[in-house]
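In this note's numbering, the protein residues as written are 44 to 298. The block underneath contains the structure these notes are about, expressed in structure tokens.
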Amino acid sequence: MIVYAVGELLRQWRKRRGLSQLDLAIAADVSARHVSLVETGKSTPSADMILRLAEQLHVPLRDRNHLLLAAGFAPRYAQRPLDDAALSGALGAVRRVLRAHEPYPALVFDRRWNILLTNRAVDPFFAYVAPDLLRPPVNLVRLGLDPRGLASLVVNLADVRAVFRSRISRQLAAAPDAALAALYEELLSPQPEEPTSDCLDADVVLPMILRVGDRELRLFSTITTFGTPTDITIEEIAVESYYPADAESAAYFTR
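Quick look at the structure:
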């Protein structure tokens, strides 16, 4: 394991965001010379300066803690289980969102796409999934792409795979994660014989088309996150809500 000094870590984040030292200095309201001195280790930044630069670099809270530790400071952001008493307000809000979205499916997943919560509209679809795929942690990407999962129901599987690939590629570019990279390599690496997706030709949003019995359900989704989190767990969860894309699909859920 390579241990980097805080200056080198900040430099890596700056490069990842495509910013020059001057760009970062202007955004953080410091001198470019100070940014240079911090990155080269010639100046030791305070904890507040580290967080100031990290804010402008859009560094995730988890990685801000790593920056602080690299500089010899205590972590600033807590990470608690979602059912911790301190997160009861946030958890209650998430559960209300899930319930309010019924009769349409909605679920909550973490930064590695492991499902944490679902509403009741998701449950019937689990009947089509092999039992071993439902053992925790249940991974949404694996559930959607494994032939023993929901892939057997997905009519436009190439499109759905392309959407997953795009979303996780952007996620990895924004904040590298070894476990997520491994998931990408396992399930999303482009294969030579893989058919080309035409998802870019979608008019407005790309629907996921499921064949359930003699019906075809067309669904699109939205993702909701917390706007100003100060806890790592809350920052890393997302609510994905599925909506019917046509009247026939809506009738399936509301009947």
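Ideal placement from N, C-alpha and C gives every residue a C-beta, glycine not left out.
In whole angstroms, what separates the C-alpha of residue i from that of residue j?
i, j, result
"Ser292", "Val49", "52 Å"
"Thr297", "Val78", "57 Å"
"Val282", "Gly135", "13 Å"
"Leu243", "Asp257", "Model confidence at Leu243 stands at a pLDDT of 49, short of 50, so the residue's coordinates are unreliable and nothing is read from them."
"Leu53", "Ala216", "15 Å"
"Leu65", "Ser131", "42 Å"
"Arg59", "Tyr171", "41 Å"
"Glu82", "Ala194", "47 Å"
"Arg208", "Arg191", "20 Å"
"Met44", "Glu145", "For Met44, the predicted model reports a pLDDT of 48, less than 50, meaning its position is unreliable and no value from the coordinates is stated."
"Gln214", "Ala113", "23 Å"
"Asn162", "Leu141", "5 Å"
"Ala290", "Trp156", "30 Å"
"Pro174", "Ile266", "27 Å"
"Ser89", "Val73", "13 Å"
"Glu259", "Arg105", "41 Å"
"Gly84", "Leu125", "37 Å"
"Gly115", "Ile280", "28 Å"
"Asp220", "Gly270", "22 Å"
"Asp127", "Ala201", "39 Å"
For residue i, which residues in the same chain have their Cβ closer than 7 Å to its Cβ, ignoring the five residues on either side in sequence?
i, result
"Ala255", "With the sequence shown as reference, residue 255 is identified as Val, and Ala is not the correct amino acid for it. The residues are Leu196."
"Ala288", "Pro250, Arg261, Leu262, Phe263"
"Trp56", "Leu100, Val102"
Skipping 5 residues on each side, what residues in its chain have a beta carbon closer than 6 Å to that of residue i?
i, result
"Ala71", "Arg95, Leu96, Gln99"
"Pro272", "Glu278"
"Ala75", "Gln64, Leu65, Ala68"
"Ala245", "Confidence at Ala245 is low in this model, with a pLDDT of 49, below 50, so its placement is unreliable and the value that follows should be read with caution. Nothing meets the Cβ criterion."
"Ile211", "Tyr227"
As a quick exercise: from the options, pick the residue whose alpha carbon is nearest that of residue i.
i, options, result
"Val181", "Leu110, Leu150, Pro250, Leu67", "Leu150"
"Thr41", "Leu159, Ser209, Asp91, Val137", "Any question about residue 41 goes unanswered here, given that the chain covers just 44 to 298."
"Tyr39", "Leu111, Ala221, Glu259, Ser89", "Residue 39 is absent from the structure shown; the chain starts at 44 and stops at 298."
"Phe168", "His109, Asn157, Ile93, Leu186", "Leu186"
"Val203", "Asp127, Leu183, Asp220", "Leu183"
Thinking C-beta only, is residue j closer than 8 Å to residue i?
i, j, result
"Ser264", "Tyr285", "yes"
"Asn199", "Ile275", "no"
"Ala225", "Pro103", "no"
"Leu159", "Asp166", "no"
"Leu188", "Leu223", "no"
"Arg107", "Tyr120", "yes"
"Pro148", "Ala164", "yes"
"Ala117", "Arg123", "no"
Could you pull out every residue in the same chain whose Cβ sits closer than 8 Å to the Cβ of residue i, ignoring the five residues on either side in sequence?
i, result
"Leu80", "Ser86"
"Leu62", "Ala70, Leu100"
"His109", "Leu52"
"Met92", "Val73, Val81"
"Ala143", "none"
Check: Using 8 Å as the Cβ pair cut-off and three pairs as the minimum, do the stretch 168 to 181 and the stretch 226 to 235 touch?
Finding: no
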